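The next block holds one structure in the form of structure tokens; read it before the comments.
There are 2 protein chains.
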Amino acid sequence: MLTIPLNSGGSSPFSKQPPLYEQIYRYIRGEIEAGRLAAGEKLPSKRALSAHLKVSQNTVETAYEQLTAEGYLLARPRSGYYVQRLETPSRAVQAQPPALPPDTPDIPKPAFDFHTGGVDTDHFPFSVWAKLTREILCEDSRRLLQAVHPQGDPTLRAEIARYLREYRGILASPEQIVVGAGSEYLLGLAIQLLGREKRYAVENPGYPKTRRILEGGGAAVVPVELDEDGLRVDRLRRSGAAVVHVTPSHHFPLGTVMPVRRRAELLRWALEEDGRYILEDDYDSEFRFSGRPIPALQGLDTADRVIYFNTFAKTLAPSLRIGYMVLPAPLLAVYRRDFLFYSSTVPSFEQHVLRRFLQEGYFERHLSRMRNRYKAQRDALLGEFARRDPSGKLRIQAQESGLHLLLRVRGLEEAAMVASAEAEGVRVYGLSAYYQAGTVPAREGGAVLGYAGFPPSSTEEAVARLAKAWAL
Amino acid sequence: MLTIPLNSGGSSPFSKQPPLYEQIYRYIRGEIEAGRLAAGEKLPSKRALSAHLKVSQNTVETAYEQLTAEGYLLARPRSGYYVQRLETPSRAVQAQPPALPPDTPDIPKPAFDFHTGGVDTDHFPFSVWAKLTREILCEDSRRLLQAVHPQGDPTLRAEIARYLREYRGILASPEQIVVGAGSEYLLGLAIQLLGREKRYAVENPGYPKTRRILEGGGAAVVPVELDEDGLRVDRLRRSGAAVVHVTPSHHFPLGTVMPVRRRAELLRWALEEDGRYILEDDYDSEFRFSGRPIPALQGLDTADRVIYFNTFAKTLAPSLRIGYMVLPAPLLAVYRRDFLFYSSTVPSFEQHVLRRFLQEGYFERHLSRMRNRYKAQRDALLGEFARRDPSGKLRIQAQESGLHLLLRVRGLEEAAMVASAEAEGVRVYGLSAYYQAGTVPAREGGAVLGYAGFPPSSTEEAVARLAKAWAL
């Protein structure tokens with residue numbers, strides 16, 4: 062007879078002692094796994110074991126049924142419970158999860174860091190967002206808990222369509238908009254929609270993530286070089302690509318704005334063959350510091366060849382994972398036929414709060430405030446550089462919009478610029494890192510300084526250190 | 062000289078009138094697009110035009126600079142502004158976005174619907190969730206607005222690891238966990254991690270979305286049949302697949318629990334060749350109505366061949382898009398090397414609220430409440446069917462756990478079951494739809510009834526209608 066050491070501490074939710082049936086279950090499972098109860102062996106009857114252990118017959122029955130459900134025992138009607146053959150070495154007892162390197166490697170941080178991924182969240186209207194969140198929480202909870210439409214909440218999409226019409230020169234119906242958990246996710250979805258067997262062209266230099274996402278999605282990626290008007294369509298034509306990813310409103314990191322003539326040329330390229338598409342990434346078009354924002358390329362497209370992407374991660378906060386794409390009608394039909402089974406990737410809470418944020422004009426006001434804030438930050442940087450560079454050795458580019466500057470110093474190579482800055486405790490980013498390996502033109506080079514997340518109070522000190530590093 | 066009709070309604074934020082510079086910009090752009098201002102033509106000087114229009118010179122300059130930035134004009138230093146050649150037909154004026162079919166096709170709804178995707182959100186502890194949300198909103202806003210770690214908030218991951226250890230028999234360190242916007246997204250990420258050139262096996266019958274997601278990710282998918290112990294490993298071996306997706310705790314829709322012997326056999330299959338992996342989808346393991354939940358297959362894996370998936374969409378609410386996967390250490394190394402550039406897809410708000418929800422024991426309490434609630438719903442259904450089926454024509458399967466039943470009626474084909482139920486206003490789902498097309502065994506067939514989202518008050522009426530439809 063099995064003698065099982067039982068600890069009857071009760072089975073209340075406040076007790077750490079497992080219930081009696083579970084203690085019996087664990088003991089027998091352990092005996093089977095260790096081979097001490099052999100395959101084919103018959104277990105004591107429920108009545109006999111319960112009398113022996115002084116527990117109720119029900120307790121033993123629950124343990125036996127659990128062991129049967131998991132396949133440790135076989136129940137033979139009118140006969141009893143038998144040990145199953147496991148045909149496996151006894152289970153290795155893992156007492157500890159594996160020891161692993163930490164999430165975040167310990168890279169030494171410089172005193173000042175002009176990284177380009179930053180966003181100034183200090184001016185995010187958090188109290189408004191919190192108020193809207195509290196109000197949304199008081200709404201119909203059932204609606205908040207059910208899944209939203211796979212393309213996103215229709216009212217949110219209507220608000221996005223309105224914004225695009227008023228600010229980006231885009232006429233889109235809410236049905237064309239797909240809201241998703243960031244533009245990375247949506248770009249992955251676009252690859253499924255367009256086909257990963259196609260060749261995808263990317264701007265070179267460009268945002269390295271774009272290439273990695275496209276390759277992660279299984280597409281072949283080919284870099285295409287730029288001239289002073291942006292992506293060269295002649296080179297694109299020769300690349301064999303059927304899809305091109307561009308940032309016409311504001312190229313990263315060169316700052317180029319693609320003029321309307323080049324845009325028209327790009328659209329003509331798309332029309333030369335069936336199945337050609339332009340992926341327009343408009344991610345920081347909102348931050349143009351003089352005049353109005355450059356209208357989107359999509360607004361010129363009358364042939365349904367542009368998929369437009371944008372995100373709220375840069376304009377609001379990186380922690381809100383909300384982006385969207387605008388599908389031309391023929392692609393929307395494909396999406397609806399083949400991909401509508403994907404659930405929306407954005408929690409409905411966030412969608413409803415953002416909807417209210419747009420509806421009540423907070424978004425436009427926030428954009429306007431941030432445009433001023435970023436412009437002041439840019440002006441402060443440009444002013445400091447002008448003051449520290451009396452002999453005019455600096456050349457500054459990409460300053461009209463976006464959230465970074467591109468700097469070159471006469472007589473100084475990029476590697477020396479980056480290394481000497483780092484030695485002074487200021488991290489700047491080499492332009493060549495944005496080129497595909499092996500394609501950096503000899504004449505190119507420079508330092509990219511993102512300033513969106515840079516603390517304004519440090520501007521003077523950081524520029525002074527750079528001036529020293531670069532012997533301005 | 063250009064005579065531009067200007068409407069000086071002011072340019073305050075409350076005025077709908079565009080600012081004067083924008084009216085000038087729009088007018089000239091329209092003239093260029095329409096070909097009325099020809100390529101090469103010189104525009105009036107800023108001074109001349111401003112005098113002519115009676116606006117400030119600054120206003121004209123802003124308009125000219127915008128047109129130059131967008132490529133409509135060319136600025137020649139010390140000469141003036143010239144119309145650029147557009148080389149494009151005049152822009153088609155889209156006054157309206159395209160007319161599109163509505164988001165949600167208008168399918169007639171039955172009086173009663175036993176669809177399997179439902180979740181009972183009436184018992185979601187919304188007030189607790191709202192309280193936690195309000196408390197999180199009072200925390201450090203800066204932290205809430207910055208992006209979280211790509212794998213998810215570390216404290217949330219620690220809570221998930223604790224839950225997995227205590228309830229699912231899984232020893233995982235928080236570093237192994239990747240939080241993402243639903244298990245669909247995470248399965249797509251797993252394909253990138255394992256390689257889409259591999260062949261993926263899925264259970265047949267099974268959840269049709271799994272197949273579609275794998276195919277959407279670019280993988281070749283092969284169906285593998287089941288016997289009474291779940292997926293047949295002998296067939297898997299012959300399928301040529303290197304990766305298999307399984308639901309060992311509770312098969313959908315057959316309800317099979319994979320016994321420990323078959324689990325060991327599956328793990329042995331994985332070890333027979335390098336690069337073989339098991340994707341364990343544990344999505345409704347929490348809802349087992351007798352005894353304790355079946356421990357996860359991952360807990361038996363001592364050779365790092367199982368990727369474990371679960372989601373909070375079924376246990377909490379579909380609108381919270383939070384799932385997670387547990388990567389074995391060698392795959393984690395690959396993920397960290399190649400895929401850490403993907404941002405977390407879950408807003409940090411949601412992650413922090415869920416963390417608190419887990420930390421403070423609400424999740425376990427909710428699970429326990431829902432288990433009772435779903436068990437009561439199942440019992441009510443089984444009771445009604447027993448009462449309405451005096452001659453015992455019904456056979457019911459998959460009832461021990463999960464959130465659906467599988468019904469068969471002696472002498473009635475599946476198609477007749479589904480059609481006669483629909484005629485009585487009750488929608489049930491044919492089992493054959495969960496088989497890959499062309500592979501439904503002749504003897505198979507039945508009706509799948511999901512009851513998680515079914516209103517308890519309708520149980521009696523719906524079963525009465527089914528009894529009539531099926532002549533029980």
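As they're listed, the protein sequences go chains A and B.
Mapped onto the working numbering, the consecutive letters of the first sequence carry residue numbers 62 to 533.
Mapped onto the working numbering, the consecutive letters of the second sequence carry residue numbers 62 to 533.
C-beta: ideal position from N, C-alpha, C; glycine also.
Quantities reported herein were computed from a predicted structural model and do not represent experimental measurements.
State yes or no: is the C-beta of residue i within less than 7 Å of the C-beta of residue j?
i      : j      : result
B:I221 : B:Y490 : no
A:S380 : B:A208 : yes
B:V487 : B:F173 : yes
B:L464 : B:Q458 : no
B:P211 : B:Y396 : no
A:V180 : A:G511 : no
B:G241 : B:L247 : yes
A:P314 : A:V509 : yes
B:L332 : B:A364 : yes
B:I355 : A:E122 : no
B:R469 : B:R456 : yes
A:G506 : A:E483 : no
B:Y423 : B:V239 : no
B:Y133 : B:L104 : no
A:R257 : A:G277 : no
B:V524 : B:E445 : yes
Which of the three DSSP states, helix, strand or coil, is assigned to residue i?
i      : result
B:N68  : coil
B:F370 : strand
B:M319 : coil
B:I383 : coil
B:F424 : helix
A:D167 : coil
B:T233 : The amino acid occupying residue 233 of chain B in the given sequence is Ala; Thr does not appear at that position. Three-state result, B:A233: coil.
A:V88  : One point to set straight first is that residue 88 of chain A is Tyr, not Val, in the sequence displayed. It is helical.
A:A525 : helix
A:Y246 : helix
B:Y143 : strand
Using a Cβ-Cβ cut-off of 6 Å (strictly less than) and excluding sequence neighbours within five positions of residue i, which residues of its own chain qualify?
i      : result
B:H306 : V263, T271 and L340
A:L533 : R449, D450 and K454
A:H113 : M62
A:S481 : A530
B:A281 : R260
B:V501 : S493
B:S310 : D343, S346 and I355
Under 8 Å Cβ to Cβ from residue i, same chain only, skipping five residues before and after it: list those, please.
i      : result
A:D290 : T317, M319, P320, R322 and R323
A:S117 : S111
B:A109 : M62
B:A378 : V180, T182 and F185
B:R296 : V285 and E286
B:Y435 : D181, F348, F350, L464, Y512 and A513
A:G472 : K454
A:Y88  : L63, I65 and P66
Only counting the same chain, and skipping five residues up and downstream in sequence, which positions put a Cβ closer than 7 Å to that of residue i?
i      : result
B:D214 : S409, Q412, H413 and R416
B:A494 : none
B:T86  : Reading off the sequence, residue 86 of chain B comes out as Tyr, not Thr. Contacts found: A124, Q127 and L128.
How close, in whole Å, do the beta carbons of residue i and residue j come, if the pair is a contact with beta carbons under 8 Å?
i      : j      : result
A:N265 : A:Q460 : Not really, about 22 Å apart at Cβ, beyond 8 Å.
A:F23  : A:D343 : Examination of residue 23 of chain A is not possible in this model, given that chain A is present from 62 through 533 alone.
A:L327 : A:V294 : 6 Å
A:A233 : B:P158 : 5 Å
A:L198 : B:T520 : Rounded, the Cβ-Cβ distance is 31 Å, inconsistent with contact.
A:L275 : B:L161 : Contact doesn't hold; Cβ gap of about 28 Å is too wide.
B:T120 : B:L147 : In fact, because the Cβ distance is near 25 Å, the residues do not count as touching under 8 Å.
Using 6 Å as the cut-off, classify the Cβ of residue i as near or not near the heavy atoms of the ligand MN, replying yes or no.
i      : result
A:Q458 : The ligand MN is absent from the structure shown, which contains no ligand whatsoever.
How do the stretch 246-261 of chain B and the stretch 473-487 of chain B stand: do at least 3 beta-carbon pairs fall below 8 Å, yes or no? Touching, no.
Any chance the stretch 296-315 of chain A sits against the stretch 332-339 of chain A, with 3 or more Cβ pairs inside 8 Å? Segments in contact, yes.
Would the stretch 271-280 of chain B count as touching the stretch 225-236 of chain B if we require 3 or more Cβ pairs under 8 Å? Touching, no.
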